Amino acid sequence: MAVRRILTYPKDEEILRKVSKPVTAFDDHLFELLSDLNETMIFYKGAGLSAIQVGVMKRVCVVNTGKRLLEFVNPVITKQSGVNKIKEEGCLSLPNIWDEVKRPNKVTVEFDDRNGNHKTEEFIGYEAKAICHECDHLDGILFIDRVKQQNKNRTR
Ligand SMILES: [Zn+2]
């Protein structure tokens, strides 16, 4: 277990913009990555962390909104509904930047657990918001992109 260095924007933008690759091996490397992500997220008091934020281009992320630790391997949001009441969003890779991002209040997520068991679960509220944020990272999307997009729609 180790706290890893978190890549930050704009310095490490080139890596943060990469689209992460699906996990196919559920082995010790994956367990170590998940342990390190959890430890790093907790150390820096984040609500979530994705592998790409520590420079690992794998579709893996963790979420901790205070109630429980969630781990996702190959997550896909298959359904979303509602409007999240928690507006403000931040990111460990964008220190000191906070902004309003519109997110769904409820999401259905298909994912694998660390042992490769395929699961489908629903998440609401803060957890739903955090999962959306982390899934964006896996596609190289940062929350400031969402803010820009919202502002563009507003002026249209
Ligand atoms: Zn983030």
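Note that the working numbering has the sequence shown beginning at 142, numbered continuously upward. Quick reminder that beta carbons are idealized off the backbone N, C-alpha and C, glycines included. Remember, it's a predicted structure, so these values are computed and weren't measured experimentally.
- Item | Assumed close pair Ile147, Leu233 - CB separation to whole angstroms, cut-off 8 Å | Ile147 to Leu233, Cβ: 5 Å. Contact.
- Message: ligand 1 and Ser234: does the residue's C-beta get closer than 7 Å to at least one heavy atom of that ligand?
- Response: At least one heavy atom of ligand 1 is found less than 7 Å from the C-beta of Ser234.
- Message: Any heavy atom of ligand 1 inside 7 Å of the beta-carbon of His278?
- Response: The answer is yes for His278.
- Leaving aside the five residues before and after Thr217 along the sequence, list all residues of the same chain whose C-beta is less than 6 Å from its C-beta, in chain order. Reading off the sequence, residue 217 comes out as Val, not Thr. Excluding residues within five positions, the ones whose Cβ falls inside 6 Å are Glu251.
- Can you check the segment 188-254 for any beta strand (DSSP E) of at least 3 residues that lies completely inside it and give the ranges in chain order? Entirely contained in the segment 188-254, the beta strand (DSSP E) runs reaching 3 residues are, in chain order, 189-191, 201-205, 210-222 and 247-253.
- Is Thr261 helix, strand or coil when you go by DSSP? Shown here, Thr261 sits in a strand according to DSSP, grouped into three states.
- Item | Neighbour-count burial assignment, His278, 16 or more Cβ in a 10 Å radius | In this structure His278 is buried. Its beta-carbon is surrounded by 16 or more other beta-carbon atoms within 10 angstroms.
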